[in-house]
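Residue numbers (my numbering): 60 to 438.
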């Protein structure tokens, strides 16, 4: 049996595990088919003897037995009590189930998909997230959705939010800032939503300050300090190569809008980082720090191609293999070094390094690109 803690006073709701079988596994994730062309992510089967762990990238689509399915839901308890630390959720996900990440105590970074309309009960209870940006369109934060998130500091609430249910932010004692775009104060009169919390600054639309000051629980001076929104300026750090992905550092208790090269909004995140998958060609992304009321200056990130194109050979660079490492000898100083496998996938990078690339799989063929020079080696 799995447990959801939706009350602070010694009452623990016991919910039995449904006997729902996983239909298939792909790249370490388990799926159940829910329609002719849609699947949901489920928990690992009991006989897997492993837990989801580390950085998880959920795909928009997955293919099984020749059928391509769209991944539209994270099922109830899918990552319950798992060891995930970062979860990349695509915008194909329209629903995150009850207790989906409950007790995933190592979870620090998550970005909610733009199509959500509700944060389900206990969805993120007991995780280690520090900031959460709730996207426009969400109307309800479910019962115990963020209960006992002991590291949660900042929450960004959209204009569409109407209600926070019981225990929503109960036991979040590090919570210090709420940025709330809702002109009408969201209903938050259920039991233990903010009980025992104090010193929370809530920024609301200036024209709504008086209404918040007259509406429970927002008018509780022991819990909330009501302020008008304020502008800000901040700078951002450089991105980090993660093979087929690039990690953009965020954090600093703000939210961030991420746009692609067509100025299409991809995500709004208050995580400490956001992951972007490399495409077949070089792609530009724009990241805009925001507090939901005001934006800071945008930062542009250029994400390199995932494939090898337009390269040439040059005798000024020699590539050797020694003790399982790739060794560059010659003219590589100041050049970006990228290592690809034979499928064109980026597997390693190095900038201003010593010309030694370690950690690759022995016996494989690799394409070594140094600037616009390409060499092929067998490790």
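Virtual Cβ for every residue (Gly too), placed ideally from N, Cα, C.
Please read all numbers here as calculations on a predicted model, not as lab measurements.
How would you call residue i, buried or exposed, if buried means at least 16 neighbouring beta carbons within 10 angstroms?
| i | result |
| --- | --- |
| residue 437 | exposed |
| residue 335 | buried |
| residue 296 | exposed |
| residue 369 | Reliability of the predicted coordinates at residue 369 is poor, the pLDDT of 44 falling under 50, and no value is obtained from them. |
| residue 248 | exposed |
| residue 223 | buried |
| residue 131 | buried |
| residue 168 | buried |
| residue 357 | exposed |
| residue 229 | buried |
| residue 135 | buried |
Distance check for residue j and residue i, CA to CA, integer angstroms please.
| i | j | result |
| --- | --- | --- |
| residue 89 | residue 313 | 33 Å |
| residue 250 | residue 231 | 15 Å |
| residue 341 | residue 213 | 34 Å |
| residue 246 | residue 159 | 24 Å |
| residue 74 | residue 198 | Residue placement at residue 74 cannot be trusted, given a pLDDT of 35 that sits under 50; what the coordinates show is reported in the next sentence. Whole-angstrom Cα-Cα distance: 26 Å. |
| residue 80 | residue 125 | Confidence in residue 80 is poor, its pLDDT being 47 and thus under 50, which makes the residue's placement unreliable; the coordinate value appears in the next sentence. Looking at the two C-alpha atoms, the distance is approximately 20 Å. |
| residue 319 | residue 281 | 43 Å |
| residue 397 | residue 237 | 42 Å |
| residue 289 | residue 427 | 49 Å |
| residue 434 | residue 415 | 15 Å |
| residue 97 | residue 91 | 9 Å |
| residue 322 | residue 83 | 36 Å |
| residue 409 | residue 419 | 13 Å |
| residue 111 | residue 118 | 15 Å |
| residue 294 | residue 316 | 14 Å |
| residue 175 | residue 360 | 27 Å |
| residue 273 | residue 329 | 29 Å |
| residue 287 | residue 423 | 59 Å |
| residue 343 | residue 333 | 15 Å |
| residue 367 | residue 339 | The predicted position of residue 367 is uncertain, since its pLDDT is 49 and thus under 50; a value taken from the coordinates is nonetheless stated next. One C-alpha to the other measures close to 9 Å. |
Identify the continuous alpha helix (DSSP H) that holds residue i and give its terminal residues.
| i | result |
| --- | --- |
| residue 243 | Premise fails: residue 243 is in no alpha helix (DSSP H) and is neither H nor E. |
| residue 269 | 268-272 |
Helix, strand or coil for residue i per DSSP?
| i | result |
| --- | --- |
| residue 400 | strand |
| residue 145 | strand |
| residue 292 | coil |
| residue 279 | coil |
| residue 265 | helix |
| residue 321 | coil |
| residue 135 | coil |
| residue 300 | strand |
| residue 339 | coil |
| residue 124 | coil |
| residue 438 | coil |
Can you name the start and end residues of the beta strand (DSSP E) that residue i belongs to?
| i | result |
| --- | --- |
| residue 101 | 97-101 |
| residue 428 | 424-429 |
| residue 91 | 88-94 |
| residue 384 | 384-389 |
| residue 252 | Residue 252 -> no beta strand (DSSP E), and no H or E assigned at all. |
| residue 448 | Nothing about residue 448 can be read from this structure; the chain reaches only from 60 to 438. |
| residue 85 | 83-85 |
| residue 214 | 213-216 |
| residue 232 | Taken as a continuous stretch (DSSP letters only), residue 232 belongs to no beta strand (DSSP E), as it is neither H nor E. |
| residue 190 | 190-192 |
| residue 361 | 358-362 |
| residue 159 | Counting along the chain, residue 159 falls outside any beta strand (DSSP E), and DSSP gives it neither H nor E. |
| residue 112 | 112-116 |
Cβ contact check for the segment 174-190 and the segment 344-351: 3 or more pairs under 8 Å
Segments in contact, no.
How about the segment 308-327 and the segment 248-268: do they share at least three Cβ pairs that are nearer than 8 Å?
Output reads no: the segment 248-268 does not touch the segment 308-327.
Are the segment 160-171 and the segment 139-148 touching by the rule of at least three beta carbon pairs closer than 8 Å?
Contact between the segment 160-171 and the segment 139-148 is established, with three or more Cβ pairs separated by less than 8 Å.
Counting beta carbon pairs with one atom in the segment 232-244 and one in the segment 208-223, are three or more of them shorter than 8 Å?
Put simply, the segment 208-223 touches the segment 232-244. At least three CB pairs are less than 8 Å apart.
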